[in-house]
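In order, the protein sequences belong to chains A and B. Using the working numbering, count along the first sequence one by one with no gaps and you end on 145. Using the working numbering, count along the second sequence one by one with no gaps and you end on 993. The beta carbon of each residue, even a glycine, is placed where N, CA and C say it ideally should be.
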Amino acid sequence: MILRYEVSGEDLSLAGRASAEVKRAMGRLGVEPADVKRTAVAMYEAEINMAIHGGGGLAEAELNSEKIVITMEDEGPGISDLNLAMQEGYSTASERIREMGFGAGMGLPNIKRNADEFFIDSSPGKGTKLKITVYFGKKEAV
Amino acid sequence: MTVRDIVKTLDGVLLTGEDLLDVDIEAACGADLMSDVMAFVKENVVLLTGLVNPQSIRTADLMDIKVLVFVRGKVLPKDMIAEAERNSMAIITTKYSMFLACGKLYEAGIKGGGIREIC
Numbered sequence: 004m005i006l007r008y009e010v011s012g013e014d015l016s017l018a019g020r021a022s023a024e025v026k027r028a029m030g031r032l033g034v035e036p037a038d039v040k041r042t043a044v045a046m047y048e049a050e051i052n053m054a055i056h057g058g059g060g061l062a063e064a065e066l067n068s069e070k071i072v073i074t075m076e077d078e079g080p081g082i083s084d085l086n087l088a089m090q091e092g093y094s095t096a097s098e099r100i101r102e103m104g105f106g107a108g109m110g111l112p113n114i115k116r117n118a119d120e121f122f123i124d125s126s127p128g129k130g131t132k133l134k135i136t137v138y139f140g141k142k143e144a145v
Numbered sequence: 875m876t877v878r879d880i881v882k883t884l885d886g887v888l889l890t891g892e893d894l895l896d897v898d899i900e901a902a903c904g905a906d907l908m909s910d911v912m913a914f915v916k917e918n919v920v921l922l923t924g925l926v927n928p929q930s931i932r933t934a935d936l937m938d939i940k941v942l943v944f945v946r947g948k949v950l951p952k953d954m955i956a957e958a959e960r961n962s963m964a965i966i967t968t969k970y971s972m973f974l975a976c977g978k979l980y981e982a983g984i985k986g987g988g989i990r991e992i993c
């Protein structure tokens with residue numbers, strides 16, 4: 004099953020809807036709740052990042068009985084220092100974003116922690132591409 | 875502690891979720907930053923927050939959190955209550971501040987935290 008979504012960079016109140024739909028699709032397929040939760044957390048963090056930093060983009064989830072592979076791609080400003088961005092607590096989010104409950108600097112670390120495989124490619128001016136893979140029945144949600 | 879006990883302890887108002895009143899709650903998470911909520915690892919959780927926007931409902935939904943308390947007498951827009959209803963959640967409002975609301979629930983018996991350590 005392949006699910007595709009366009010993530011808005013304009014209306015931040017919509018951010019998270021794609022993740023919620025993927026979560027429900029996984030539930031319908033009977034995926035273990037622990038695997039559903041870590042997938043949902045990883046994708047939601049990525050979707051929020053895409054909406055607030057990336058200016059929106061495309062999300063695709065490829066789902067079968069063994070795993071889910073989520074690809075998120077935006078054409079935003081990109082990340083200049085990936086090592087810094089991966090540190091817990093580091094954030095470049097604006098005050099407006101913080102007022103919405105985001106910008107704790109936990110996004111990328113949360114994605115990495117919940118994924119079994121995590122790939123990120125980003126550089127200034129080129130946008131950001133994330134690939135998140137979760138294998139089912141491998142480990143507990145963290 | 876049940877959801878009914880939480881409403882009573884916080885002198886709260888239940889806006890939706892009457893069918894969850896007898897559900898047992900074992901842990902609590904008090905946070906305005908949603909990424910902090912997503913680092914929470916326990917089940918049967920009540921989320922206390924001052925964040926009144928659709929993301930608090932959406933984050934709770936993604937984390938399978940069914941009970942939310944909005945502190946400091948926040949007024950919720952109708953569309954947020956409707957979204958909570960669609961997701962079968964209980965929504966409680968209390969006039970207490972975050973600090974007092976968390977303290978009262980702790981004193982009343984919810985001792986479970988559950989935020990993973992920062993590494």
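Contacts around residue i, its chain only, beta-carbon distance under 8 Å, and the 5 residues preceding and following it disregarded
i: Glu-24 (chain A); result: Leu-6, Tyr-8
Euclidean distance between Cα positions of residue i and residue j
i: Leu-894 (chain B); j: Asp-879 (chain B); result: 12 Å
i: Met-921 (chain B); j: Lys-129 (chain A); result: A small correction: the amino acid at residue 921 (chain B) is Leu; Met does not occupy that position in the sequence shown. Rounded to whole angstroms, Leu-921 (chain B) to Lys-129 (chain A) spans 38 Å at the Cα level.
i: Glu-48 (chain A); j: Gly-110 (chain A); result: 5 Å
i: Ala-144 (chain A); j: Ala-43 (chain A); result: Note that Ala-144 (chain A) has pLDDT 47, beneath the 50 cutoff, so the model's placement of it is unreliable and no number is given.
i: Tyr-980 (chain B); j: Glu-102 (chain A); result: 27 Å
i: Asp-953 (chain B); j: Glu-959 (chain B); result: 10 Å
i: Asp-938 (chain B); j: Ser-68 (chain A); result: 22 Å
i: Leu-66 (chain A); j: Phe-973 (chain B); result: 42 Å
i: Asn-117 (chain A); j: Gly-79 (chain A); result: 24 Å
i: Ala-956 (chain B); j: Ala-45 (chain A); result: 26 Å
i: Glu-13 (chain A); j: Leu-889 (chain B); result: 30 Å
i: Leu-936 (chain B); j: Lys-132 (chain A); result: 23 Å
Contact belief for residue i with residue j at Cβ below 8 Å, rounded distance in angstroms
i: Ser-909 (chain B); j: Asn-113 (chain A); result: 6 Å
i: Gly-891 (chain B); j: Ala-964 (chain B); result: 3 Å
i: Ser-11 (chain A); j: Ala-54 (chain A); result: 6 Å
Neighbourhood of residue i by C-beta distance below 6 Å, restricted to the same chain and skipping five residues each side
i: Glu-862 (chain B); result: Past the edges of chain B, shown from 875 to 993, lies residue 862 (chain B), and the structure says nothing about it.
i: Thr-74 (chain A); result: Glu-63, Lys-134
i: Tyr-138 (chain A); result: Lys-70, Asp-119
i: Asp-896 (chain B); result: Thr-876
i: Ala-975 (chain B); result: Leu-884, Leu-922, Val-945, Thr-968
i: Lys-948 (chain B); result: Val-926
i: Ile-992 (chain B); result: Low confidence applies to Ile-992 (chain B): its pLDDT is 47, below 50, so where it sits in the model is not reliable, and the reading given next is rough at best. Hits under 6 Å: none found.
i: Gly-60 (chain A); result: Val-10, Met-53, Glu-76, Asp-77
i: Met-29 (chain A); result: Val-39
i: Asp-124 (chain A); result: Lys-132
Own chain residues within Cβ distance below 7 Å of residue i, not counting five before or after
i: Ser-94 (chain A); result: Gly-106, Ala-107, Gly-108
i: Ser-971 (chain B); result: Val-945, Arg-946
Heavy atom of the ligand ADP within 7 Å of residue i beta-carbon
i: Ser-68 (chain A); result: This structure does not include the ligand ADP; it has no bound ligands of any sort.
Short CB-CB distance (under 8 Å) between residue i and chain D
i: Ser-16 (chain A); result: In the structure shown, chain D does not exist; the protein chains are A and B.
### Query
What are the residues of the segment 886 to 916 of chain B that lie near chain A, defined by any Cβ-Cβ distance shorter than 7 Å?
Answer in chain order: Asp-906, Leu-907, Met-908, Ser-909, Asp-910, Met-912, Ala-913, Val-915.
#### Entry: Residues of the segment 919 to 937 of chain B with Cβ closer than 9 Å to any Cβ of chain A, in chain order
Against chain A - using a Cβ distance shorter than 9 Å - the residues of the segment 919 to 937 of chain B are Thr-923, Leu-925, Asn-927, Pro-928, Gln-929, Ser-930, Arg-932, Thr-933, Asp-935, Leu-936, Met-937.
### Members of the segment 88 to 107 of chain A near chain B, C-beta cut-off 7 Å
Correct list: Glu-91, Met-103, Gly-104, Phe-105, Ala-107.
### Task
For the segment 37 to 55 of chain A, enumerate the residues whose C-beta is nearer than 7 Å to any C-beta of chain B, in chain order.
Within the segment 37 to 55 of chain A, the residues whose Cβ lies closer than 7 Å to any Cβ of chain B are, in chain order, Lys-40, Ala-43, Val-44, Tyr-47, Glu-48.
### In chain order, each beta strand (DSSP E) run of at least 3 residues that lies wholly inside the segment 80 to 119 of chain A
If we require 3 residues or more, the segment 80 to 119 of chain A turns out to have no beta strand (DSSP E) run fully inside it.
### Query
Using a Cβ cut-off of 7 Å, which residues of the segment 20 to 31 of chain A contact any Cβ in chain B, in chain order?
Residues Ser-22, Ala-23, Lys-26.
### Message
Which residues of the segment 109 to 127 of chain A have a Cβ closer than 7 Å to any Cβ of chain B? Give them in chain order.
### Response
For chain B, the residues of the segment 109 to 127 of chain A that bring a beta carbon within less than 7 Å of one of its beta carbons are Met-109, Gly-110, Asn-113, in chain order.
### Query
Hey, which unbroken runs of the beta strand (DSSP E) at 3 residues or more fall wholly within the segment 882 to 969 of chain B?
DSSP assignment within the segment 882 to 969 of chain B yields the following whole beta strand (DSSP E) runs of 3 residues or more, N-terminal first: 887 to 890, 901 to 904, 919 to 923, 941 to 944, 964 to 967.
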